[in-house]
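**Student:** So the sequence shown is numbered by the working numbering: it starts at 4 and just counts up by one.
C-beta atoms are modelled at their ideal positions from N, C-alpha and C, and glycine is treated no differently.
Questions regarding the structure given below will be posed in turn.
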Amino acid sequence: MSQLFLKYEYYVAALQLILAMTGMGATLAGRDFHELIRSPKSIAWGLLVQVVGIPLLAWLIIRGLDLPASLAVGLAIVACVPGGSMSNILSYFARGNIALSIALTGVTTVICLVTAPLILHSLTAGLLSASAEIPVQRIAFEIFVLLLLPLTTGMLIRRHRPDIAKRIAKPLVRASLVIVLVMAVGIGTAGRIDPAAFGWIGPALIFGFGFAAFAIGFFPGSLLGVPRRDRIAIGIESCFRNTSLGILIKASILPAIPGVVDPIADGAIFVVLLYGGVSLSVCVPAMFWHRRLSQNGAAESRG
């Protein structure tokens with residue numbers, strides 16, 4: 004079964020994205036993007052962190068520490084993808100600005116059509132063989148077909164048939180999560196992931212990247228006067244990436260071939276999958292911390 008999964012890895016990842024983005028779109032309405040007008044400073048800071056800050060952080064780690072190609076390519080993939088929809092849920096429970104979180108997720112998903120291939124190409128320059136060069140146009144096309152079209156379709160369903168949107172949103176998202184689990188099991192049982200190959204350095208670097216991504220989104224914004232509830236949303240959005248898109252991009256540029264060992268491809272998928280867990284380990288404590296601060300502040304204002 005594991006070999007069968009490797010054969011169809013790309014198509015499984017594509018199906019997962021279509022389901023997830025259609026489900027996400029079915030929860031969105033045009034008014035969710037009004038935050039672009041209400042909070043221009045927060046939106047600008049969030050986009051700057053996503054498009055410039057996170058890729059720059061990845062570049063500093065990759066070049067400054069001279070990472071092996073396997074770790075570097077995985078980190079580059081994580082850095083080039085937009086925030087994941089799970090960040091909206093975490094921002095909600097953190098009592099952050101949920102409207103800002105949704106707007107950032109939507110906007111970064113749209114602009115990643117252009118930014119993701121360019122960022123990935125820049126960060127992986129010289130790391131891949133000529134046969135595995137980044138296909139910029141193909142990745143842009145895949146993002147358009149597998150992210151933007153399903154997202155738009157979901158939003159159109161929400162606009163014209165809200166009753167249907169309400170019925171399909173949660174089942175689609177849940178089905179996409181099941182497929183993520185299937186992908187993780189399939190990749191793991193195929194023997195393509197060997198955590199011992201990186202020792203403690205790989206996981207430590209990935210955790211450090213996740214923590215730094217959150218910190219960049221949260222702390223400097225205070226100097227610009229960005230409200231704390233906006234900063235927690237931006238911090239979570241910066242840390243929690245769309246790893247499903249990362250898996251698709253990896254499968255696109257470094258497809259798994261049954262019976263053939265590819266250290267770079269295997270290392271890259273190890274980084275992408277591990278980062279999904281690491282981002283939760285960073286964001287969940289931050290969520291509880293900010294939620295408690297908000298509760299204490301509300302209690303003091305009532306007192």
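Mind listing, in chain order, the continuous alpha helix (DSSP H) runs of no fewer than 4 residues lying wholly within the region 133-196?
**Tutor:** Complete alpha helix (DSSP H) runs here, min 4: 139-146, 152-163, 165-192.
**Student:** For the region 221-255, which segments carrying the alpha helix (DSSP H) assignment without a break, of at least 4 residues, lie completely within its bounds, in sequence order?
**Tutor:** Here the runs fully enclosed are 231-242.
**Student:** Grouping DSSP H, G and I as helix and E and B as strand, with all else coil, what is Gly300?
**Tutor:** Here residue 300 corresponds to residue number 297 of the sequence shown, with the count starting at 1. Helix, per DSSP.
**Student:** Please report the residue range of the alpha helix (DSSP H) in which Phe96 lies.
**Tutor:** Position 93 of the sequence shown holds residue 96. Unbroken alpha helix (DSSP H) run through Phe96: 89-96.
**Student:** So, with DSSP's three-state summary, where would you put Gly86?
**Tutor:** Indexing the sequence shown from 1 puts residue 86 at position 83. Looking at Gly86 - three-state DSSP - the assignment turns out to be strand.
**Student:** Can you grab the Cα-Cα spacing for the pair Asp265 / Ala72, in whole Å?
**Tutor:** Taking the sequence shown and counting its residues from 1, one reaches residue 265 at position 262. Taking the sequence shown and counting its residues from 1, one reaches residue 72 at position 69. Near 11 angstroms, if we compare the C-alpha coordinates of Ala72 and Asp265.
**Student:** In angstroms with no decimal places, state the Cα-to-Cα distance between Leu121 and Gly300.
**Tutor:** The residue labelled residue 121 in the question sits at position 118 within the sequence shown. The residue labelled residue 300 in the question sits at position 297 within the sequence shown. C-alpha separation (whole angstroms): 43 angstroms.
**Student:** Just the C-alpha distance for Cys242 and Phe221, rounded to the nearest angstrom, thanks.
**Tutor:** Here the question's residue 242 lines up with position 239 in the sequence shown. Here the question's residue 221 lines up with position 218 in the sequence shown. C-alpha separation (whole angstroms): 10 angstroms.
**Student:** Report the rounded CA-to-CA distance for Ala236 versus Phe217, giving the unit in angstroms.
**Tutor:** Walking along the sequence shown from the start, residue 236 turns up at place 233. Walking along the sequence shown from the start, residue 217 turns up at place 214. Their backbone Cα atoms lie some 10 angstroms apart in a straight line.
**Student:** Could you compute how far the alpha carbon of Tyr95 sits from the alpha carbon of Glu240?
**Tutor:** For this step, residue 95 is matched to residue 92 along the sequence shown. For this step, residue 240 is matched to residue 237 along the sequence shown. Between Tyr95 and Glu240, the C-alpha separation is close to 12 angstroms.
**Student:** Using CA atoms only, rank isn't needed, just tell me which of His124, Ser247, Arg162 is closest to Ile182.
**Tutor:** Position 179 of the sequence shown holds residue 182. Among His124, Ser247, Arg162, the Cα nearest to that of Ile182 is on Ser247.
**Student:** Where does Leu68 sit, in a helix, a strand or coil, going by DSSP?
**Tutor:** Stepping through the sequence shown from its first residue, residue 68 is reached at position 65. The answer is coil: DSSP assigns Leu68 none of H, G, I, E or B.
**Student:** Just to confirm my understanding: we take Pro85, look at its own chain, exclude 5 residues before and 5 after, and list those with CB closer than 6 angstroms. What are they?
**Tutor:** Reading the sequence shown from its first residue, position 82 is the one you call residue 85. If we look at Pro85 and ignore the five residues flanking it on each side, its Cβ neighbours are Thr111, Thr112, Cys115, Asn245.
**Student:** Measuring only the C-alpha atoms, how far is Pro18 from Leu154?
**Tutor:** Mapped onto the sequence shown, residue 18 falls at position 15. Mapped onto the sequence shown, residue 154 falls at position 151. Looking at the sequence provided, one finds Leu at residue 18 rather than Pro. Each residue's Cα considered, the two are about 13 angstroms apart.
**Student:** Measuring CB to CB, does Ala29 end up less than 8 angstroms from Gly157?
**Tutor:** In the sequence shown, the residue the question calls residue 29 occupies position 26. In the sequence shown, the residue the question calls residue 157 occupies position 154. Contact flag set, yes.
**Student:** Buried or exposed: where does Lys253 fall if 16 or more other Cβ atoms within 10 Å of its Cβ makes it buried?
**Tutor:** Indexing the sequence shown from 1 puts residue 253 at position 250. So Lys253 ends up on the buried side.
**Student:** With a Cβ-Cβ cutoff of 8 angstroms, do Gly105 and Ile190 count as a contact?
**Tutor:** Locating residue 105 in the sequence shown gives position 102, counting from the first residue. Locating residue 190 in the sequence shown gives position 187, counting from the first residue. The amino acid at residue 105 is misidentified as Gly; the sequence shows Ile. Not closer than 8 angstroms, so no.
**Student:** With Ala119 as the anchor, note down where its alpha helix (DSSP H) starts and where it stops.
**Tutor:** Here residue 119 refers to the residue found at position 116 of the sequence shown. Start and end: 101-126.
**Student:** Can you give the beta carbon distance from Leu63 to Leu175, rounded, assuming they're within the 8 angstroms contact cut?
**Tutor:** The sequence position of residue 63 within the sequence shown is 60, counting from 1. The sequence position of residue 175 within the sequence shown is 172, counting from 1. Not really, about 38 angstroms apart at Cβ, beyond 8 angstroms.
**Student:** Which two residues bound the contiguous alpha helix (DSSP H) that contains Tyr11?
**Tutor:** For the purposes of this step, residue 11 is identified with residue 8 of the sequence shown, where counting begins at 1. No alpha helix (DSSP H) holds Tyr11; DSSP gives it neither H nor E.
**Student:** Using DSSP with H/G/I as helix, E/B as strand and the rest coil, what is Phe201?
**Tutor:** Counting from 1 along the sequence shown, the entry for residue 201 is found at position 198. Reduced to three states, the DSSP call for Phe201 is coil.
**Student:** In this structure, how does DSSP classify Asp265 when only helix, strand and coil are distinguished?
**Tutor:** Stepping through the sequence shown from its first residue, residue 265 is reached at position 262. Three-state DSSP puts Asp265 in coil, outside helix and strand.
**Student:** Mind checking Arg234: buried by the 16 CB within 10 Å criterion, or exposed?
**Tutor:** Sequence index remark: in the sequence shown, residue 234 carries index 231 (1-based). Classification of Arg234: buried, given that the 10 Å Cβ count is 16 or more.
**Student:** Under 6 angstroms Cβ to Cβ from Cys83, same chain only, skipping five residues before and after it: list those, please.
**Tutor:** Here the question's residue 83 lines up with position 80 in the sequence shown. Cβ neighbours of Cys83 beyond the five flanking positions: Ala119, Ile122, Leu123.
**Student:** Please report the residue range of the alpha helix (DSSP H) in which Leu50 lies.
**Tutor:** As a position in the sequence shown, residue 50 is number 47, starting the count at 1. 43-51 is the span of the alpha helix (DSSP H), which, as asked, contains Leu50.
**Student:** When you compare only the Cα positions, how much space is there between Ala289 and Lys173?
**Tutor:** To locate residue 289, count along the sequence shown from 1; it is residue 286. To locate residue 173, count along the sequence shown from 1; it is residue 170. So the two alpha carbons sit approximately 25 angstroms from each other.
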